[in-house]
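Here is the structure we will look at, set down as structure tokens.
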Amino acid sequence: MSDQPESGVLGPRKLCLVVDDSATVRRVAGRMLRELEIDVDEASDGQIALEKCLRLMPEVIVLDWNMPVLNGIEFLRSLRKLEDGEHPRVVFCTTNADVEHLREAFETGANDYIMKPFDALTLKSKVLKNIRSESNCTAGEILEAHR
Amino acid sequence: MTLEESIETRCIADLAFSNLQQLEIPATPEYYALWYEYHAGLNPSLQHTIDALISNRATFDQKTLDDLRANFLSLEKEKRAIHETSARVLETLKEVVAVADDANKDAHTFGDALSDLAATAFGRTIGNLTELIEELVCESQKMAGRSEYVSIRMRASADKIVALEENLENALRQASVDGLTGVANRKAFDTTLRRFAGEAMNSGDDLALLMIDIDHFKRVNDTWGHPTGDSILRYLAVALQQSVRGEDFVARYGGEEFAILLPRTGIVAAATVADNIRQCLLREPPRLDLVPPMTPITVSIGVANYDHGEPLTEWITRADTALYRAKKEGRDCVRSA
Numbered sequence: 619m620s621d622q623p624e625s626g627v628l629g630p631r632k633l634c635l636v637v638d639d640s641a642t643v644r645r646v647a648g649r650m651l652r653e654l655e656i657d658v659d660e661a662s663d664g665q666i667a668l669e670k671c672l673r674l675m676p677e678v679i680v681l682d683w684n685m686p687v688l689n690g691i692e693f694l695r696s697l698r699k700l701e702d703g704e705h706p707r708v709v710f711c712t713t714n715a716d717v718e719h720l721r722e723a724f725e726t727g728a729n730d731y732i733m734k735p736f737d738a739l740t741l742k743s744k745v746l747k748n749i750r751s752e753s754n755c756t757a758g759e760i761l762e763a764h765r
Numbered sequence: 004m005t006l007e008e009s010i011e012t013r014c015i016a017d018l019a020f021s022n023l024q025q026l027e028i029p030a031t032p033e034y035y036a037l038w039y040e041y042h043a044g045l046n047p048s049l050q051h052t053i054d055a056l057i058s059n060r061a062t063f064d065q066k067t068l069d070d071l072r073a074n075f076l077s078l079e080k081e082k083r084a085i086h087e088t089s090a091r092v093l094e095t096l097k098e099v100v101a102v103a104d105d106a107n108k109d110a111h112t113f114g115d116a117l118s119d120l121a122a123t124a125f126g127r128t129i130g131n132l133t134e135l136i137e138e139l140v141c142e143s144q145k146m147a148g149r150s151e152y153v154s155i156r157m158r159a160s161a162d163k164i165v166a167l168e169e170n171l172e173n174a175l176r177q178a179s180v181d182g183l184t185g186v187a188n189r190k191a192f193d194t195t196l197r198r199f200a201g202e203a204m205n206s207g208d209d210l211a212l213l214m215i216d217i218d219h220f221k222r223v224n225d226t227w228g229h230p231t232g233d234s235i236l237r238y239l240a241v242a243l244q245q246s247v248r249g250e251d252f253v254a255r256y257g258g259e260e261f262a263i264l265l266p267r268t269g270i271v272a273a274a275t276v277a278d279n280i281r282q283c284l285l286r287e288p289p290r291l292d293l294v295p296p297m298t299p300i301t302v303s304i305g306v307a308n309y310d311h312g313e314p315l316t317e318w319i320t321r322a323d324t325a326l327y328r329a330k331k332e333g334r335d336c337v338r339s340a
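Written out as structure tokens, the structure is:
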């Protein structure tokens, strides 16, 4: 077994963390994202997500906004304060694309957003777009390869 | 301005104009200012938000544009804040002054009456004292009466505000209601579809969609005329509303097509609801005295359950395909995706 991380089209495998209190969303998003060559982990609230980030900082975080214990915005604030907390790109999920809501999220440190309910194509292209790829492929080419 | 600055601003202006054209936004100074600001590169927060909206294929409708202006164009923000605050302060001041005026007048009157009575208190005999007390009580009651008048006036203003709010609510509701049948219109359906699907995705619950089409509707219009056709649409809308629960959502999807969303309903249960609708129409035909007499109205119904994570357009297509099968297989029936 090689010591190197498994390589995919994107270079060494990247980690995506799905943070959502809904088991259905975690399951569906996980299924969609595993079709790409990335590792997928999940957390059911912001607190657990923070603990996971402390152990291993993911490349991309898909973040639900309304959660119990520690909600999206609180998690994001705490995340950005961690050492290396600026590294993950955060795509937050929302059912409301109100400009004020978006602005608050971006000013707290989110990078992008995706509307709920999302479908496979939209989620995959969002995540790919936000992963810093070490390959020379564009997100579009990678998607095509996975169709 | 140097030549370079001038050229640069022209470039930004051109970009702003092409945005307005591409997105088919009215080229008013306000909207132009927004896109100019976006291209000028000095407002990263605005750029970030607009880029995210574009990447999510959001529509740049009037509300979104106005919200962007309100949130990001600082002059707009400040102007608006000042305007709102001063308007509110002015209103409150007016109210306070009005109430104080009234209270003042009353207090004066009351005070004067009391002083007068007090002045005459001395030198009154016991008999007169009774009279004095009666007068005091009378003046106090009058004062209480006037205070009540003031509160009635304040309550009337409050009532007016409530009525205005209700009017506004009604106007908003009308924008999402189909004028002919009174059920939700297509626009409201699209919004609600997305909302229900989002909730279903969160909860993991089932969500069913019924697509309902009147059989031979063209024949109805041709035989009895369009006014009768309209009555039939209204009749069907009523039948649909009566066949579903409070949390279900009925909408007019197109000319003679209706859609119903059934949250927390599996496909088998949804097909049963659909069949109930069919039977309801047979049991209670339209009560119209027509020549020739009207035949019972039947519908074809397609049923499809939301597959969590599927594109919404795909879900609707599956329901439509099931509806098409119902038509092909004889009409007056229900088919599930």
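Chains as they are written, first to last, in our numbering: chain D, 619 to 765; chain X, 4 to 340.
Heads up, the beta-carbon is just placed ideally off N, CA and C, and yes, glycines get one too.
Would you kindly check if the distance between the Cβ of V709 (chain D) and the Cβ of K744 (chain D) is under 8 Å?
yes
CB contact check: I732 (chain D) to chain X, cutoff 8 Å
yes
Using a Cβ-Cβ cutoff of less than 7 Å, which residues in the same chain neighbour S620 (chain D) once the five nearest sequence positions on both sides are dropped?
A caution first: S620 (chain D) carries a pLDDT of 42, below 50, which makes its placement in the model unreliable, though a value can still be read off. Within the same chain, S620 (chain D) has no close Cβ partners at all.
Could you have a look at V247 (chain X) and say whether DSSP puts it in helix, strand or coil?
Reduced to three states, the DSSP call for V247 (chain X) is coil.
Segment contact flag, the region 225-240 of chain X with the region 162-177 of chain X, C-beta cutoff 8 Å, min 3 pairs
no
So D323 (chain X) and G269 (chain X) are supposed to be a Cβ contact under 8 Å. How far apart are they, rounded?
In fact, because the Cβ distance is near 20 Å, the residues do not count as touching under 8 Å.
Three or more C-beta pairs closer than 8 Å, one from the region 276-283 of chain X and one from the region 695-702 of chain D: is that the case here?
no
Spatial neighbours of S246 (chain X) within its chain, please: CB distance less than 6 Å, with the 5 preceding and 5 following residues excluded, ordered by chain position.
N279, I280 and C283
Apart from the five residues just before and just after Y731 (chain D), which ones in its own chain have a Cβ nearer than 8 Å to its Cβ?
V709, F710, C711, T712, A715, L720 and A723
If you run the structure through DSSP and keep just helix, strand and coil, what is A211 (chain X)?
strand
Buried or exposed (CB count within 10 angstroms, at least 16 for buried), T184 (chain X):
Burial state of T184 (chain X) is buried, judged by a 10 Å Cβ sphere holding 16 or more other Cβ atoms.
R198 (chain X): contacting residues in chain D (beta-carbon distance under 8 Å)
T713
Measure the alpha-carbon distance for E151 (chain X) versus I164 (chain X) and round it to whole angstroms.
Distance from the CA atom of E151 (chain X) to the CA atom of I164 (chain X), rounded to whole angstroms, is 20 Å.
Secondary structure of D730 (chain D), DSSP reduced to three states
In the three-state DSSP reduction, D730 (chain D) falls in the strand class (E or B).
For the region 629-640 of chain D, list every residue whose C-beta sits within 9 Å of some C-beta in chain X, in sequence order.
D638, D639 and S640
Near-chain D residues of the region 200-232 of chain X (beta-carbon distance less than 9 Å), N- to C-terminal order:
A200, G201, E202, A203, M204, N205, S206, G207 and D208
Rounded straight-line distance, which links the Cα of R631 (chain D) to that of P623 (chain D):
Any reading at P623 (chain D) needs caution, since the residue's pLDDT is 47, under 50, leaving its predicted position unreliable; the model's value is listed next. So the two alpha carbons sit approximately 7 Å from each other.
Any idea if P29 (chain X) is buried or exposed, counting beta-carbon neighbours within 10 angstroms, 16 or more meaning buried?
exposed
Please report how far the alpha carbon of I300 (chain X) lies from the alpha carbon of L291 (chain X), in whole angstroms.
12 Å
Look up G305 (chain X) in the DSSP assignment and say whether it is helix, strand or coil.
strand
Considering just the uninterrupted stretch of the alpha helix (DSSP H) at V186 (chain X), what are its terminal residues?
Per DSSP, V186 (chain X) belongs to no alpha helix (DSSP H) and is neither H nor E.
Coil, strand or helix - E660 (chain D) by DSSP
strand
Is D105 (chain X) helix, strand or coil when you go by DSSP?
helix
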